[in-house]
Structure formats: structure tokens, C-alpha cells
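Q: Keeping their order, the protein sequence lines are chains E and W.
Quick note on numbering: numbering that gives the first Met the number 0 labels position 201 of the first sequence as 200, and the sequence is numbered without any gaps.
Quick note on numbering: numbering that gives the first Met the number 0 labels position 62 of the second sequence as 61, and the sequence is numbered without any gaps.
C-beta atoms are modelled at their ideal positions from N, C-alpha and C, and glycine is treated no differently.
Given the structure is predicted, the values throughout are model-derived calculations rather than measurements.
Below you'll find the structure I mean.
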Amino acid sequence: MNIMNIISRIYFFIGSLVCHQIPERTIYIDGKPLPLCARDTGIYLGIFIALIYCIVRGKLKADKLPSTRNGILLVLLTVPMMIDAVSSYASVRQTDNTIRLVTGLFFGMPIALLLIPAANYKVYGTNKLKVIDSRLDLLLLVFINVFASFVILKFGIPTWWLLATACIVGLVFLISRIAYTVLKLLNTGNEKTRIVYSLIITMAFFMILYIFKYHMLRWIIQN
Amino acid sequence: MNSFGEGRTVCSFCGEDISASAKRCPYCGSILNRESNANNDDIKTEGLNRDSSSIYNSDSYSFGGLFDNSINTDTTAKDFINEEKINEKMDSMLENLPDDLINDKSGLFDEKPNVPFEEKIEISAKEEEFSRNSEQKSQEFGAPYRPVMPSPMQNNMQNNMRPQRPPLKSTPDVGAHSKPTMSNAMKVFITSLATFVPGLGQLIGVIAAIVFMNTEGDTDKRSFGLALLINSIVIFVLWIIACCILGVLSSEF
């Protein structure tokens, strides 16, 4: 068993903790299914794209939320996925992997763009660095998301490894960033210890999910 | 006359023999001699009537936050306790005064005959300069101006009484301690909505959080907005995972 195979199995294991991994709802790259379903792939890929955007634009230390109008527009981007999910689960309409991926991308992106300044936000001071400067930035992000979904679905340019890694990084970033933000809100430790603690909390969260899914849920289904 | 140049009187509350200049009866704790301490009471009342508490710096102080209402002229245990608190704050404030003012104890007790008049004038001038500096600093903070009360030294020079406390300077408001502009009921309602209503509740929670966090100056709203944003996102993520688990259940069955 080579190292790539081990990493692949780890990806699938982490994916199985947060995703149903139903084959019909999963995107295949080069004949191999991704570790997450199409919707979850979209969500965590959207988070990853927003993270890369913040790193490239130097917004990782952003402490100011978008303006109220841009913020509302950002939040409204999450609505299509909710409508799609609710309507398909309620059997009102049929959906496909393309819609799942695109709506998921638009759902994940705002979450990351709100979480990044939330951790750096100063209640008693002045926040200067905006995570999104203008509506043009928002349009740019929307375009990047549409372009990414187009490239994935039509051309299959990114390799399985790139996509799977991006999704898992997005997932780990989401959980650890929430933990980091809560730790900062509780004023626990310094910058470095908070990062370490947040990664430990992320692992603990996955462990809880593992116990819940592979032990408790199995027991519930069997009984 | 005692060593402070004071006579004796009878406490109007308990009838015990006490010093005429005593502000508080040592036997029953009643607040006495209000007329001679009128300036002092004004100072306290001015500070106490403020809703918000205040910060202390080297040259300004306030007693805001100690009382909910203005000073009650009735003798109560509350007065007694707060008087002690005020004295403690006085001590801490006096520590920040210039050394020459602190070392010169003539301003705190009776007039000393051995202190030359020119020296007193010089000290008084220093006090005035100190007051002016304090005033300038308070205006830099943008705090409301309060008239400067006569200094302890000036009071002593005018009469042979126990000096009043140093004058109360302006105290800049600190938004962190200002009165909340949003009721707790509203906070509970929004938080409940953002927690228990799936999807729509979190959307409303995030939008409300963005609006609150973009509010300038209102730290109460900003603080609540941050907590609401994190709460809404956490619930959002948990709902997604819960939906996936539902997906697992549906696939298992």
C-alpha cells in the first residue's frame, strides 16, 4: 500500500464523517469518485476558494466585515443551495450534480468570507481591513466560483488529488476556524496556542463524529 | 477646640458627643454636617447621577457607577459603604498627583502657621496649573466640561475648615460601559431565531449580525453581533452535517 493510497483512504474516511457519499450524488474525476458528494464538494471547495482569495489579496488578517449591502448580498448567495436542498429532499423537484455543485460553491464562499473577519474583529477598537472592499470583489468571487464549477464539470482539468485535497482543506479550515474564533472570543491563550488548540478541537470533533456515525447511528439503525 | 481646630457637637441622630466637623457620626454612622460639605456632595452627586461608569486616568476621576441614583440624604448603610469606596478612589487618585502636592500635607489638614504665605501662593498656582492641564486633557477626550471647584488649598486659605476633596474633572464616556441600546429580550429573541429555526433563522441571524457589527460606537451591539454571527455560522454548519446524516439514514433504509 503506497502513500497515495493511504492519503486517499484518509480523505474518504474524513469525507464519510460529514457526508453521505451516495455514489449517484458524487462527482467522478477520471473514473474515481470524490470523497464528498457534489453539494459538499461545492461547499468545501467554495470555502477553499475564498481562503485562497484572502491569502492572495492579503485579507487573511481582515478584521472588518463587508458593508451591510455587500454583506446581505453575500448572505443571499447561500439561499439557492437551501432552496435546492429543501425542494429536492421534499421531492418537489429533481436536481442534479451540476446544480448541487454550483449552489454549494455559493454557499461555502460566504461562510469563509464571514468567518475570516469574525476571528479578527475588534469590538472595542477600529476595524480597518475589509474582507471585501467593493461589489467588484464580490463579482470577481462569483465569477471565480462559476468558472471553477465550469472547469470541473465540463473539462475535468483539475486532477482528483487537487480537488479532493482542496475539499478536505476547506473542511478542516471551516471547523478549525470556528474553534479558533470561539477560543479568541473566550480570550484563551495566545495566537500560536489558539491555532494548536483549534486543530486539536477539530480532531476531537472528527472523533465525536466517528463515534456517532460508526457506533451510535449503526446501533440506532440496527435497533 | 481639638487639634484640628474643631468644636464638639451632638449627633442629631443618636445624641452622642462628636466632633463638629465630622461628616459621619462615628457611633451610628449617620452622614452629618451637610452644609459644610455641600461642595463635596455636589461633586459626588454629579458623578453619581451619570448612568455610565467611567475610567480613571492620572488627572480625572469620577464616582459614577457607585450609585444608581443620586445621594440619599438619609443615613443608610449604603452611604457608609459608598463613602468608604469614595475614600479608596480618592487615595488612588491622590497617588497620581504631583509629588510636591502630595508631600505638602498642609492642604489636607488645618492651616499651619509655620508655612509662609508665599509658599502657599506658589502651591496654589501649581494646583491651578494642574487643573488647567486636566481640563485640556478632558476636552481632548471630547468629554463635557465641568466647572473646576475651588482647590483644597484655596479652601483652606479662605477658612479654617477641613479641606474638600480634590475637584472632580470631566470623565470621558467609555462605550464599553455605556447603557445597552438593545434590550435583552430582543437579544434572546434574535438568538433563539438564529438557533432554532433551520435555514431561515441562520440567514436572519447572519444579516442581523452584519448590521450590528457594522454599527459604529455601540459596543454592546457590536459585541452581540459578533456572538450572533459565530452562533449562526456554527448552527448553519451543524445543520449541514445533520442533513448529511439524514442522507446516510435515507441511504441505509
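How would you label Ser197 of chain E, buried or exposed, when you count the other beta carbons within 10 angstroms and need 16 or more for buried?
A: Buried, since its Cβ has 16 or more Cβ neighbours within 10 Å.
Q: Examine chain W for any beta-carbon lying closer than 8 Å to the beta-carbon of Thr201 of chain E, and answer yes or no.
A: False, the Cβ-Cβ gap to chain W never drops below 8 Å.
Q: Return yes when the Cβ of Leu44 of chain E is within less than 8 Å of the Cβ of Gly247 of chain E, no when it is not.
A: Limits of chain E in this structure are 0 at one end and 222 at the other, which puts residue 247 of chain E out of reach.
Q: On the CB-based measure, 16 or more other CB atoms within 10 Å of its CB, does Glu190 of chain E come out buried or exposed?
A: Glu190 of chain E is exposed by the Cβ-count criterion.
Q: At a CB distance below 7 Å, what residues from the stretch 179-200 of chain E approach chain W? Give them in sequence order.
A: Residues passing the 7 Å Cβ filter: Thr180, Val181 and Leu184.
Q: For Leu202 of chain W, which residues in chain E fall below 9 Å Cβ to Cβ?
A: In chain order: Val74, Leu75, Thr77, Val78 and Met81.
Q: Counting only the same chain and skipping the five closest in sequence on each side, list residues whose C-beta sits under 8 Å from that of Leu16 of chain E.
A: Only Phe205, Leu208, Tyr209 and Lys212 meet the Cβ criterion.
Q: If you draw a straight line from the alpha carbon of Ala118 of chain E to that of Lys127 of chain E, how long is it in whole angstroms?
A: Each residue's alpha carbon lies about 14 Å from the other.
Q: Rounded to whole angstroms, what's the CA-CA distance from Val171 of chain E to Asp219 of chain W? Just pull it up for me.
A: Each residue's alpha carbon lies about 32 Å from the other.
Q: Run down chain E in chain order and give the residues with a C-beta less than 9 Å from the C-beta of Thr8 of chain W.
A: Near Thr8 of chain W there are no residues of chain E at all, since even the closest Cβ is about 50 Å away, more than 9 Å.
Q: Taking C-beta pairs closer than 7 Å, name the residues in chain E that Leu228 of chain W reaches, listed in chain order.
A: Leu113 and Ala117, listed in chain order.
Q: Mind pulling the chain E residues with CB within less than 8 Å of Gly198 of chain W?
A: Met81 and Val85, listed in chain order.
Q: Could you check the C-alpha separation between Tyr27 of chain E and Leu33 of chain E for me, to the nearest Å?
A: About 6 Å.
Q: With 16 as the cutoff for other CB atoms within 10 Å, does Leu237 of chain W come out buried or exposed?
A: Leu237 of chain W comes out exposed.
Q: Exposed or buried, what is Ile9 of chain E when buried is set at 16 or more other beta-carbons lying within 10 Å of its beta-carbon?
A: Exposed, because fewer than 16 other Cβ atoms sit within 10 Å of the Cβ of Ile9 of chain E.
Q: List, in order along the chain, the chain W residues whose C-beta lies closer than 9 Å to that of Asp39 of chain E?
A: Neighbours of Asp39 of chain E on chain W, chain order: Ile239 and Cys243.
Q: Of all the CB atoms in chain E, is at least one closer than 8 Å to the CB of Ile232 of chain W?
A: True, the Cβ-Cβ gap to chain E drops below 8 Å.
Q: Does any residue of chain E bring its CB to less than 8 Å from the CB of Val187 of chain W?
A: Judged by the 8 Å Cβ criterion, Val187 of chain W is not in contact with chain E.
Q: Name the chain E residues that come within less than 9 Å of Ser222 of chain W, Cβ to Cβ?
A: Going along chain E in sequence order, the residues near Ser222 of chain W (Cβ under 9 Å) are Val122 and Tyr123.
Q: Would you identify the three-state DSSP class for Arg23 of chain W, choosing helix, strand or coil?
A: Residue state, collapsed to three classes: strand.
Q: What does Thr218 of chain W reach in chain E if we use C-beta pairs closer than 9 Å?
A: Correct list: Val122 and Tyr123.
Q: Under 8 Å between beta-carbons, which chain E residues line up against Leu225 of chain W? List them in chain order, please.
A: Those are Ala117, Tyr120, Val122 and Leu184, listed as they occur along chain E.
Q: Give me the Cα-Cα distance between Leu192 of chain W and Val78 of chain E, rounded to the nearest whole angstrom.
A: One C-alpha to the other measures close to 17 Å.
Q: Among the residues of its own chain, which have a CB less than 8 Å from the CB of Trp159 of chain E, if the five just before and after it don't count?
A: The residues are Ile28, Asp29, Lys31 and Leu33.
Q: What's the C-alpha gap between Asn183 of chain W and Thr214 of chain W?
A: Using only the alpha carbons, I get a separation of about 18 Å.
Q: Let me confirm a value: Gly14 of chain W is counted as buried when at least 16 other C-beta atoms fall within 10 Å, else exposed. Which label applies?
A: Gly14 of chain W is exposed by the Cβ-count criterion.
Q: Using a Cβ-Cβ cut-off of less than 7 Å, give me the residues of the stretch 8-19 of chain E that come near chain W, in sequence order.
A: So the list reads Val17, Cys18 and His19, given in the order they occur along the chain.
Q: How far does the alpha helix (DSSP H) with Ser18 of chain W in it reach, from first residue to last?
A: It is not in any alpha helix (DSSP H) - Ser18 of chain W instead sits in the beta strand (DSSP E) that spans Asp16 to Ser18.
Q: Compare the C-alpha of Asn69 of chain E against each of E:Tyr88, E:Ile131 and E:Met81 and name the closest.
A: Minimum Cα distance to Asn69 of chain E is reached at E:Ile131.
Q: Out of curiosity, what's the CA-to-CA distance linking Lys43 of chain W and Val181 of chain E?
A: In this predicted model, Lys43 of chain W has a pLDDT of only 45, less than 50, meaning its place in the structure is not dependable enough to derive any value.
Q: I need the DSSP call for Gly28 of chain E, collapsed to helix, strand or coil.
A: One point to set straight first is that residue 28 of chain E is Ile, not Gly, in the sequence displayed. It is a strand residue.
Q: Give a yes or no on whether the minimum CB-CB distance between Gly70 of chain E and chain W is below 8 Å.
A: Cβ-Cβ to chain W under 8 Å: yes for Gly70 of chain E.
Q: Might you give, ordered along the chain, the residues of its own chain that have their beta carbon closer than 8 Å to the beta carbon of Ile209 of chain W, omitting 5 neighbours on each side?
A: Excluding positions up to five away in sequence, the list reads Gly224 and Leu228.
Q: At which residues does the alpha helix (DSSP H) containing Thr192 of chain E begin and terminate?
A: That run of the alpha helix (DSSP H) goes Glu190 to Ile210.
Q: Return the CA-CA distance between Gly216 of chain W and Thr94 of chain E, expressed in angstroms with no decimal places.
A: Distance between the alpha carbons of Gly216 of chain W and Thr94 of chain E: 46 Å.
Q: For Met212 of chain W, go through chain E and note every residue whose CB falls closer than 7 Å to its CB, in chain order.
A: The answer, in chain order, is Leu64 and Tyr120.
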